[in-house]
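Protein chains in written order, with the UniProt record's numbering: chain A, 1 to 244; chain B, 1 to 244. From the three backbone atoms N, C-alpha and C, an ideal C-beta is built for every residue, glycine too. All values reported here derive from a predicted model rather than from experimental measurement.
2 protein chains.
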Amino acid sequence: MEPAPVIDLGSLRRSCAQCSLRQLCLPVGIGADDVDRIDRLVKRRKPVARNERLFHTGSAMNRLYVAREGAFKTVAGNEDGEEQVMGFHLPGELMGLDALGTGQHRCDAIALETAQVCEVPLEDLQRVAAEVPGLQRQLLRVIGFSMGRDQDHLEMMSRRQAGDRVMLFLHSLSQRFEGLGRDGAEFSLPMTREDIGSYLGLVIETVSRSFTKLQDDGLIAVRGRQVRLLSARRLAEAVHGRTN
Amino acid sequence: MEPAPVIDLGSLRRSCAQCSLRQLCLPVGIGADDVDRIDRLVKRRKPVARNERLFHTGSAMNRLYVAREGAFKTVAGNEDGEEQVMGFHLPGELMGLDALGTGQHRCDAIALETAQVCEVPLEDLQRVAAEVPGLQRQLLRVIGFSMGRDQDHLEMMSRRQAGDRVMLFLHSLSQRFEGLGRDGAEFSLPMTREDIGSYLGLVIETVSRSFTKLQDDGLIAVRGRQVRLLSARRLAEAVHGRTN
DNA sequence: CGTTCCTTTGAATTCGATCAAGTCTGGTGG
DNA sequence: CCACCAGACTTGATCGAATTCAAAGGAACG
């Protein structure tokens, strides 16, 4: 038995001003008093359990979500049951933008592990954004980053070789972890091989084989979900086109 | 010889209030006087020639672009020369959003045919958006639609069968044409097979074969770039998962 | 009217999907 | 504490679809 979940409650209460993700999130470049206004908009839910859904396909969007701790995946249902992973979301990354156009979500957001999220009612956010110019700019910036990750995803999918896709995937994850101040050279994958396969347009066996191949080639060391990137240089080379 | 390009000049001068794309563009749901404010922000360039670039990878973003007439493609360079088509842009669709995150464009925008564009300085747009609440909301909406098209793209790429990808592609193009008030059942493709292949992650030969296969199966009639969708029902069926 | 670019078609090859067993892991209950 | 179990992962063999290589037909444009 652990001491108690008191520390959890403490972290739940933490404000935007103290949040470790502050530099990546909406408050960037905004004065202390205005950060306070943002802070009051934010609702923090109780921890999201593994496999729990933040929102569902078809449901109306009324808030934006920011992963604060733990990773998520967004999944689009293929009508006939088949599901496609549209994206992975690490701390500091927005979720729910898929509904900006129509007002209805086009995918489900599912926690890959126990997670914490901040929720911001969209109405309120827009109201405050109109008054705080820095917030409006920053909102567009984080939306832009989100689109950038989608572009990265597209670039992975456009690679013909399975190994290249997996390589790009690991590279991009590595970059994102580094952006979070974590170790970009060694990390633990929050998602299953199945998830990765769906994300990359490959079947699970191919993902597995690609991992072992990359390991045999001395580019990575992998053991289950634990991954270490061995040659940043060769990895970057491979990422930048050179098909091998 | 044609009479003269006078009509062209006339259409160039047309304001947002009179624009046929008004319903799809930024002024949606905004009062007449505020539309006028938007209108004054908009710069209209001289026609963009086929293969001309609107912006380049790496260049700083300072405006948003809206295709007004004619189609564009956005292309990401693969460093080693290989290029990947990231999107196609029909009239009323925004371009340049790829730079929202970093402030630098991550792709080139190239006209597929002679085209007209409206350009809006981002600074000014943000300023006015802060004052006109409808504009802010509509800006987020059109950004959302743009993200939605990227998601559609991703869903095409996630299909394993080449024929399915091409099918989804034609379906989505058809929908977009209909949204423009054009015929969604018969249209002319503004892009080459090569472009389609790059967009869908297929080589040109596979695209060509897929077209002929779809024709042999009675789903479409195709002759060069002219395409007619024959069975909306069977097409929709195929689009919604049923792998054939 | 010829040249260039785009497109189609054919034959051979390759890489990933599929089918089919196993192995490893962490968690549960005896 | 150990045995068992389910889910996740790996590995092998076969098959098929898309790529590759090669060539020729068609459309567009000066």
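- Going by DSSP, Leu-229/B is part of the beta strand (DSSP E) stretching over 226-229.
- With respect to the C-alpha of Ser-59/A, the residue from Arg-14/A, Gly-31/A, Cys-107/A having the closest C-alpha is Cys-107/A.
- Around Leu-202/B, the same chain offers Ala-162, Arg-165 as residues with beta carbons nearer than 7 Å, after the five sequence neighbours per side are excluded.
- Contact between Phe-72/B and Leu-125/B fails: their C-beta atoms lie close to 20 Å from each other, not under 8 Å.
- Interface annotation, Ile-196/A: not in contact with chain B, CB-CB separation never under 9 Å.
- For Ala-76/A, the beta-bridge partners assigned by DSSP are Gln-84/A.
- In this structure the stretch 127-146 of chain A lies against the stretch 18-38 of chain A, because at least three pairs of beta carbons, one per stretch, are closer than 8 Å.
- By alpha-carbon distance to Thr-206/A, the top candidate from Arg-68/A, Val-75/A, Glu-194/A is Glu-194/A.
- The CB of His-153/B comes closer than 8 Å to the CB of Leu-154 in chain A, given here in chain order.
- Burial of His-153/B is indicated by the presence of at least 16 other C-beta atoms within 10 angstroms of its C-beta.
- Ser-188/B has Gln-226/B as its beta-bridge partners, per DSSP.
- Three or more Cβ pairs closer than 8 Å define a contact, and the stretch 43-62 of chain A falls short of that threshold against the stretch 78-90 of chain A.
- With a threshold of 9 Å between beta carbons, Thr-206/A makes no contact with chain B.
- Taking a beta-carbon distance threshold of 9 Å, Val-128/B does not count as an interface residue toward chain A.
- Closest in alpha carbon position to Ser-198/B, among Thr-74/B, Ala-67/B, Gly-70/B, Pro-91/B, is Thr-74/B.
- For the stretch 147-178 of chain A, the set of positions with a beta-carbon nearer than 7 Å to some beta-carbon of chain B reads Met-147, Gly-148, Asp-150, Gln-151, His-153, Leu-154, Glu-155, Met-157, Ser-158 in chain order.
- Glu-155/A has its alpha-carbon roughly 10 Å from the corresponding atom of Val-239/A.
- Around the beta carbon of Ala-67/B, a 10 Å sphere encloses 16 or more other beta carbons of the protein chains shown; the residue is thus reported as buried.
- Selection Ile-196/B, Arg-176/B, Gly-218/B evaluated against Met-86/B yields Ile-196/B as nearest (Cα-Cα).
- Per DSSP, Met-147/A has no beta bridge partner at all.
- At a Cβ-Cβ threshold of 9 Å, Phe-145/A and Gly-101/B count as neighbours.
- In summary, Gly-70/B is buried, with 16 or more beta-carbon neighbours lying within 10 Å of its beta-carbon over all protein chains present.
- Straight-line measurement puts the Cα of Val-28/A at about 16 Å from the Cα of Glu-131/A.
- By the C-beta density criterion, Asp-33/A is exposed, having fewer than 16 other C-beta atoms within 10 angstroms.
- For Thr-102/B, the nearest CB of chain A lies under 9 Å from its own CB, placing it at the interface with that chain.
- The residue from Gly-181/A, Phe-187/A, Met-167/A with its alpha-carbon nearest to that of Arg-233/A is Met-167/A.
- If you ignore the 5 residues before and after His-56/A, its C-beta comes within less than 6 Å of the C-beta of Asp-108, all in its own chain and listed in chain order.
- Nearest CB-CB separation between Asn-78/B and chain A: below the 9 Å threshold.
- Taking a C-beta cut-off of 9 Å against chain B, the contacting residues of the stretch 90-121 of chain A are Leu-97, Asp-98, Ala-99, Leu-100, Gly-101, Thr-102, Gly-103, Arg-106, Cys-107, listed in chain order.
- Here His-89/A is bridged, per DSSP, to Phe-72/A.
- Listed in chain order, the beta strand (DSSP E) runs fully inside the stretch 9-48 of chain B amount to none, counting runs of at least 3 residues.
- Any Cβ of chain A closer than 9 Å to the Cβ of Ile-38/B would place that residue at the interface, and such an atom is absent.
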